[in-house]
Amino acid sequence: MDQVLVQVPQQIVNGITLGCVYALLALGYSMVYGVLKMLNFAHGDVFMVGAFAGWGVFSLLTRGGSPVVNATFILAAMVLGATAATALLGAVIERLAYRPLRKGSRLAPLISALGVSIILQNMAMLMTSGRAKAIQTELLIPAGAGVHLGGASISVARLLIVGTSVGIMLALDSVVRRTRLGREMRATSQDLEAAEYVGIRTSRVIVSTFIIGSGLAGVAGVMIGLYYMQVDFTLGFSAGIKAFTAAVLGGIGNMRGAMAGGLLLGLTESLGVIVAAPVYKDAIVFTALVAALILRPAGLLGTQVRDRV
Amino acid sequence: MRNRHVMWSLILAALISLIPVGVSGQQRMAPVKIGAAGPFTGDLSKIGLDSLNAIYMAVDEANAEGGVRGRKIEVVVADDSGDPAKAVIVAERLAMDRNVMGVIGPMNSSAVKAALPIYQRVSLVLISQSATNPALTEMGYRVMHRICPRDDAQGPAAAKFIVEVAGARNVYIIDDKSTYGQGLADQVEATLRAAGVTTARGQIAPEDRDFSPILTRVKAAKPDLLYLALPSPSQAAALIKQATGLGLSPKLMGGDGLKERDQLIAGAGGSAQGMWVTAIGRDIKEVPEAREFITRFEGKHGAMSIFSGQSYEATKILIEAMRKAAGDDPAGLSRQKVLEAVHSTRDYRGILGFPVSFDSKGDVVGASIYVFQVQKDDFVQVREYPVETK
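Following this line, the structure appears as structure tokens:
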């Protein structure tokens, strides 16, 4: 029993860290769904591409096990590089795979998204010969450093992940609520045609949504690379499923819901491991999802906030 | 619309160009084919491709000596990604190709287990270079052969080492639910228990990348040794690094699947220092007969992994058996004859450092289990445990 209790603080820390990454990814799902009513199943793979982009920058700026420039600079470059790469990728995917199908049936873009997901995964597999790439996080962030709090060790890497996520989420929340682009996004999500009639260039709004959502996936990719200390081509699939779950759990289309859903999912996954074997952590997550949806079919925040995105 | 067509045709063209095309022989008789089954893509592709290169090397040498009595030998690449479901599909494909007379692989125990009934149905002999699960040769399939010792030799040897040399009294064992991982973990645990060592078990999934949940459990159990029964060295490397990140520093040990320099030692940064791994074959760098092979292999493909030597040897044994089975009538070669010839292999002297024979179940006779330790950036052999045949 005492073996169970000592795990609790650390598992909470694990859950919050992972939850923040899920939340960033869930935001991308929710934003696209809010604006287009479409599930972008390629989102997880965009995240994987972001993780690889981060690794690419990392290996460019390190030589033989030591950084060639300041560590903070490398971290910043990884985030910027990955965000730029995924934002561009998001725009390209929207233009090539989704926009031509926007007027068609609602299922067509869904299939197209699955196709994009498979293409991205296979391209990554071929380019890396299927091998995992190591990221020596300890070169950038000292491994031992961090806070020890009531039996849990909170490394600097974890603090960075949580800090960055929270910062980005707050910024995004105010973008959507306070800026012109945010207003246009909300209008488009309420009624695309009506928004067009009042002079909103909805195509531009949609592409912006993809760019922002994919950019967030890029940031999340870099963070997961630093956290797992390794990236590989299969990374996107399970993360994508989890983020989608988080988005549904929070009430898909609702941004604050996505954040709450991500955190809750991360915590459920980590705390579930205390009572059940770690192999069952995905089963626990999905059981919790089903239970939550039976109680609140629209998701946690699905009905409370009226204007979506 | 145009854009999309261009994109799709580019993608299609790129994919088509990746399909491996065999070299067509110009001889009168059809070439003899050898199937190479293993994980040539995916997580385990490093060990798979190292093995494939060794198979090609053995086949090229044999072709330079005239193939099988004048019949050219070709390799059919059968990629299973280490996945049992795909192993079944590629086995069916090899079974349908009538010129395939033998198979090297599959490499993963779970893949062998899934594909064995198919190979048995068409009497297609297989020699696995690395599938160590004991059950594989106990199921009564006559086509099954392997040149690596089993986990019921490896597991107890590892446990013996943990008790006698590492001196651990409290061991945490992690496996990945695979036929190999779980089987090896069971063997290690049983022997440790019998020796009075406290053990705890934990499982991860092959697709897991985040090990904080299980490592937090490990931390609570305070083991003095962590044993990893995982087939994937890159997964093990990530796990070890994340353990260091959580402030865990038990002694580390793992099975033969982890003896891979690039992914384990380099991948884990400094965290794998001092880790022990068992191996199902000698470091062939110390075998004089292997020197020529190593020089040629490393000259062409870079650092060799443990299964390169084993794959080369298995291929040589198969070709030798084909030649014996062909006798003076290479055109009359049949799968049944090749199977009998492989089965009766006795004292084949190759590069592994011991004469290879198969017992009636298809298990190798005369092998040893070795323990290696990670020192600086390589594995150093520290112990040898001869295998008692069961």
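Heads up: the protein sequence lines correspond to chains A and B, in order.
Those letters in the first sequence? Residues 230 to 538, per the working numbering, in order.
Those letters in the second sequence? Residues 420 to 809, per the working numbering, in order.
We put the CB at the ideal spot given by N, CA and C, even for glycine.
Since this is a predicted model, take the numbers as computed values, not measurements.
DSSP places K596 (chain B) outside both helix and strand once states are collapsed to three, so it counts as coil.
The beta-carbon of G359 (chain A) is placed less than 8 Å from the nearest beta-carbon of chain B.
Rounded to whole angstroms, K471 (chain A) and L494 (chain A) show a C-alpha spacing of 8 Å. Boundaries of the alpha helix (DSSP H) harbouring T431 (chain A): T431 to Y457, taken from the DSSP string. Buried is the label assigned to M672 (chain B), since at least 16 other Cβ atoms lie within 10 Å of its Cβ. In this structure A648 (chain B) touches G674 (chain B) by the C-beta definition: roughly 5 Å separates them, less than 8 Å. Note: E803 (chain B) is bridge-paired with B:Y789 in the DSSP secondary-structure output. In the structure shown, the three-state DSSP call for V235 (chain A) is coil. Using beta-carbon distances, S384 (chain A) counts as an interface residue toward chain B, with a partner under 8 Å. E626 (chain B) and Y475 (chain B) have their alpha carbons spaced roughly 30 Å apart.
Using a Cβ distance threshold of 8 Å, L513 (chain B) and L543 (chain B) count as a contacting pair.
At a cut-off of 8 Å between beta carbons, V502 (chain A) contacts chain B.
CA-to-CA, the gap between A337 (chain A) and L330 (chain A) works out to about 6 Å. CA-CA distance, V494 (chain B) to G524 (chain B), rounds to 12 Å. Nearest neighbour of E739 (chain B) by Cα position, chosen from B:R768, B:S500, B:M723 and B:E711, turns out to be B:R768. The stretch 630 to 639 of chain B and the stretch 515 to 535 of chain B do not touch, with fewer than three beta-carbon pairs separated by less than 8 Å. Using a CB distance cut-off of 8 Å, L464 (chain A) counts as an interface residue toward chain B. N269 (chain A) does not reach chain B, its nearest Cβ partner there being about 18 Å away, counting only Cβ pairs nearer than 7 Å. Within 7 Å of the CB of A372 (chain A), the CB atoms of chain B belong to T663 and G664, in sequence order along the chain. By the Cβ test, the stretch 300 to 319 of chain A is not in contact with the stretch 473 to 489 of chain A, since fewer than three Cβ pairs between them sit closer than 8 Å. When Cβ-Cβ separations below 8 Å define contact, E626 (chain B) makes contact with chain A. Within its own chain, the residues whose Cβ lies closer than 6 Å to the Cβ of D702 (chain B), once the five positions on either side in sequence are excluded, are Q800, listed in chain order.
Contact with chain A is absent for R517 (chain B), since none of that chain's Cβ atoms lies less than 8 Å from the residue's Cβ. Shown here, K670 (chain B) sits in a strand according to DSSP, grouped into three states. Among the CB atoms of chain B, one or more fall inside 8 Å of the CB of D461 (chain A). In the structure shown, I383 (chain A) adopts extended strand secondary structure according to DSSP, grouped into three states. Residue burial is scored here from C-beta neighbours: G373 (chain A) has fewer than 16 other C-beta atoms within 10 angstroms and is therefore classed as exposed. Of all residues in the stretch 600 to 632 of chain B, only G621, Q622, I623, A624, E626, R628, D629, S631 and P632 come within less than 7 Å of chain A when Cβ atoms are compared, listed by chain position.
For V235 (chain A), a Cβ of chain B is located within less than 8 Å of the residue's own Cβ.
According to the DSSP assignment, Q622 (chain B) belongs to the beta strand (DSSP E) that extends over T617 to Q622. When CB distances to chain A are screened at a threshold of 9 Å, the residues of the stretch 679 to 690 of chain B falling below it are D681, Q682, A685, G686, A687, G688, G689 and S690, in chain order. The continuous stretches of beta strand (DSSP E) do not include G686 (chain B), and DSSP gives it neither H nor E. The C-beta of P507 (chain A) comes closer than 8 Å to at least one C-beta of chain B. Per DSSP, V451 (chain B) lies in no alpha helix (DSSP H) segment; the continuous beta strand (DSSP E) that holds it begins and ends at V451 to G457.
Rounded to whole angstroms, the separation of the alpha carbons of K670 (chain B) and S787 (chain B) is 24 Å. According to the DSSP assignment, M520 (chain B) belongs to the beta strand (DSSP E) that extends over V519 to I523.
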